[in-house]
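Residue numbers (the working numbering): 40 to 304.
Backbone N, C-alpha and C define an ideal beta-carbon position, used for all residues, glycine too.
These numbers come from a predicted model, not from an experiment.
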């Protein structure tokens, strides 16, 4: 199956989903989300794929690699900022699929992972970051709020670290992410592929049904209420996406990344 905005490669029963939009810093467009969902569905029962890896095209832009810069602001702006809530709706199906996916998911964070790009890694079972990767929820400094992060981050890094990241919107490096528990391991950039494959090969030593039931038990124990909680996000996100501040936040970003002038409405 051909894809437009991702690449999908299989190496030793390990599937690699590579977000392939380096010119847009691997930003998450509608089509990227749709194609990720397509791969999840197509590999669900495929015994030839035991583990899935999510990563970004490693081509450097202005000297830096990107896992994903987050949602595609340019694409969203063409629909008008007041329709951002509708844009958010396309994320829910792939996120739900990742939550229920019966096989291990590994995030290979090869560069900066911002906003929705970082949230994408939270749905993965494990994460390995390159030593030059940076990450954070910068959208909180643009008038938005990280809706999915508050569901997933506390059990990964604790409530204090979660609130620090979300209430400041600060950017952290991979070593700080490791200390917080946001990633399992940090490796030199050129060793990322091998480190991820090593983890995936170890996962392959576990039977597929063991993976399936282990993940299902985690879902029942920790994630069951999330599927309900996700449904409660719609109304507050609609309010945020229709606010004057979110228009100002993203307008400021597109006008040379100037400081936004908040109105509180």
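- DSSP, read as helix, strand or coil, puts residue 148 in strand.
- DSSP places residue 86 in the coil class of the three-state scheme, outside both helix and strand.
- Checking the DSSP bridge columns, you'll see residue 47 partnered with 56.
- Secondary structure remark: continuous beta strand (DSSP E) runs of at least 3 residues inside the segment 183-231, in chain order: 210-212 and 224-226.
- Under the three-state reduction of DSSP output, residue 176 falls in the coil class, being neither helix nor strand.
- Sorting 53, 230 and 181 by C-alpha distance to the C-alpha of residue 291 places 181 at the top.
- Residue pairing from DSSP places residue 166 in a beta bridge opposite 146.
- Residue pairing of residue 153 in beta bridges, as defined by DSSP: 175.
- Ranking 246, 160, 140 and 224 by CA distance to the CA of residue 257 puts 140 first.
- Counting along the chain, residue 108 sits inside no alpha helix (DSSP H), nor does DSSP assign it H or E at all.
- An exposed status is given to residue 207, since fewer than 16 other beta-carbon atoms sit within 10 Å of its beta-carbon.
- Taking the C-beta atoms as reference points, residue 146 is found nearer than 9 Å to residue 165.
- Counting C-beta atoms within 10 angstroms of its own C-beta, residue 245 has fewer than 16 neighbours from the protein chains shown and is therefore classed as exposed.
- For residue 250, the enclosing alpha helix (DSSP H) starts and ends at 247-257.
- In the three-state scheme derived from DSSP, where H, G and I count as helix and E and B as strand, residue 103 is classed as strand.
- In the structure shown, residue 295 adopts coil according to DSSP, grouped into three states.
- Per the C-alpha coordinates, the member of 238, 229 and 192 positioned closest to residue 219 is 192.
- Excluding five sequence positions before and after residue 89, the CB atoms of its chain that fall closer than 6 Å to its own CB belong to 52 and 243, given in chain order.
- Within 10 angstroms of the beta-carbon of residue 230 lie fewer than 16 other beta-carbons, which makes it exposed.
- Here DSSP, grouped into helix, strand and coil, assigns residue 95 to strand.
- Residue 196 places its beta carbon 9 Å or farther from that of residue 172.
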